[in-house]
Amino acid sequence: VLWAGSTGHVPNISWRTFMTFWLLLMATASTALQVKWTLLAFVTQRQNVSPSVFIEENINNWIYVTLNALYVIINWSVDAVLVFRFYLIFGRLLRWAWPPALLYISSLVTGSLALRQLAIPGTTQNTNKLANWLVVYRTVSLSLGVIVTLSIITRLLYFHRRSGSIHRSPRSPFLRIVATLVESASLDTVSTLVYIIAVGINSPLQNVFLPVLGQVQVIAPMLILYRVAHGR
1 VLWAGSTGHV PNISWRTFMT FWLLLMATAS TALQVKWTLL AFVTQRQNVS
51 PSVFIEENIN NWIYVTLNAL YVIINWSVDA VLVFRFYLIF GRLLRWAWPP
101 ALLYISSLVT GSLALRQLAI PGTTQNTNKL ANWLVVYRTV SLSLGVIVTL
151 SIITRLLYFH RRSGSIHRSP RSPFLRIVAT LVESASLDTV STLVYIIAVG
201 INSPLQNVFL PVLGQVQVIA PMLILYRVAH GR
């Protein structure tokens, strides 16, 4: 609906297919590494040191670094789709696209710096630089998601208001899209906020919420794709 309204033709579904398989691939790979890391911390090394201490002191282990890199790539992929969606809905006008584009570039930079700090030997979860970069990166990403989603919702409500009476019913396609966007964004927003707070106060719960956040970031856009595919 949104693509057709801005371009005048039905979209090719190849990009949706690619994004679906890409996110599923990243989610599967991250889940496999998360299981391997959990077994290493809670089973293999349990006789030598407690799991919490092992995780805290070995976060620059290649498994954990790769796992975090996958979560960051998932986040970047989802944010890229969000910015592209914003670009389409706002008529493919670059003057509207540059603010979210700048936020996205900031997310790329801060995410890369966080991963670099994570990979430095001697880094632990108590390292202030790591916590600072993680908080900045996730805050920028959260700001991007909230700002872009609210902008899209405002635009859709404007279209709904200007549409004819046939589209002003509670089952209006614009209102259905808004409901889907709100539902999807709320999952990501709540999970990201909880993770940011856990990192900010240096709580061990960040190790619990990170894998949850990684999977939620895949579920949120997949929810939209599912609704679109079923015409909801």
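Take the sequence shown: its position 146, counted from the start at 1, is 146 in full-length UniProt numbering, and no numbers get skipped.
Yeah, the Cβ is synthetic: ideal placement off N, Cα and C, and Gly gets one too.
Delimiting residues of the alpha helix (DSSP H) encompassing residue i
i, result
"glutamine 117", "94-119"
"residue 234", "Outside the displayed span of the chain (1 to 232) sits residue 234, for which this structure offers no information."
"serine 52", "51-57"
"isoleucine 89", "62-89"
"asparagine 132", "128-162"
"threonine 192", "173-200"
Proximity winner among the options, relative to residue i (alpha-carbon distances)
i, options, result
"glutamine 217", "Asn202, Leu193, Pro204, Val199", "Leu193"
"tryptophan 76", "Val109, Phe18, Arg46", "Val109"
"leucine 102", "Asp79, Val199, Val72", "Asp79"
"leucine 210", "Ser52, Val83, Ala198, Arg116", "Ala198"
"glycine 200", "Leu150, Gln47, Leu134, Ala185", "Leu134"
"alanine 185", "Tyr158, Arg92, Ile219", "Ile219"
"threonine 127", "Leu93, Ile105, Glu56", "Glu56"
"arginine 16", "Gln47, Leu213, Phe84", "Phe84"
"serine 191", "Val178, Trp98, Ser112, Val212", "Val212"
Chain-order list of residues whose beta-carbon lies under 7 Å from that of residue i (same chain, five-residue window excluded)
i, result
"leucine 175", "His160"
"isoleucine 59", "Leu118, Thr123, Thr124, Gln125"
"glutamine 45", "Phe54"
"isoleucine 73", "Met26"
Test item: CB-CB of residue i and residue j under 9 Å
i, j, result
"alanine 114", "asparagine 202", "no"
"glutamine 54", "leucine 40", "Looking at the sequence provided, one finds phenylalanine at residue 54 rather than glutamine. Contact flag set, yes."
"phenylalanine 86", "valine 136", "no"
"methionine 19", "proline 221", "yes"
"leucine 144", "proline 100", "yes"
"glutamate 183", "leucine 142", "no"
"glutamine 215", "alanine 27", "yes"
"leucine 33", "isoleucine 63", "yes"
"arginine 116", "isoleucine 196", "no"
Cβ-Cβ separation, residue j to residue i (assumed contact under 8 Å), whole Å
i, j, result
"leucine 67", "tryptophan 37", "6 Å"
"residue 251", "threonine 189", "Lying outside 1 to 232, the shown extent of the chain, residue 251 is not represented and no answer is given."
"isoleucine 152", "leucine 181", "6 Å"
"leucine 70", "serine 30", "4 Å"
"proline 204", "serine 50", "Not really, about 11 Å apart at Cβ, beyond 8 Å."
Contacts around residue i, its chain only, beta-carbon distance under 6 Å, and the 5 residues preceding and following it disregarded
i, result
"valine 65", "Leu118, Ala119"
"valine 43", "none"
"lysine 129", "Gln117"
"serine 106", "Val140"
Any non-hydrogen atom of the ligand NAP closer than 8 Å to residue i Cβ
i, result
"leucine 193", "The ligand content of the structure shown is nil, which means the ligand NAP is not present either."
Neighbourhood of residue i by C-beta distance below 8 Å, restricted to the same chain and skipping five residues each side
i, result
"proline 121", "Asn60"
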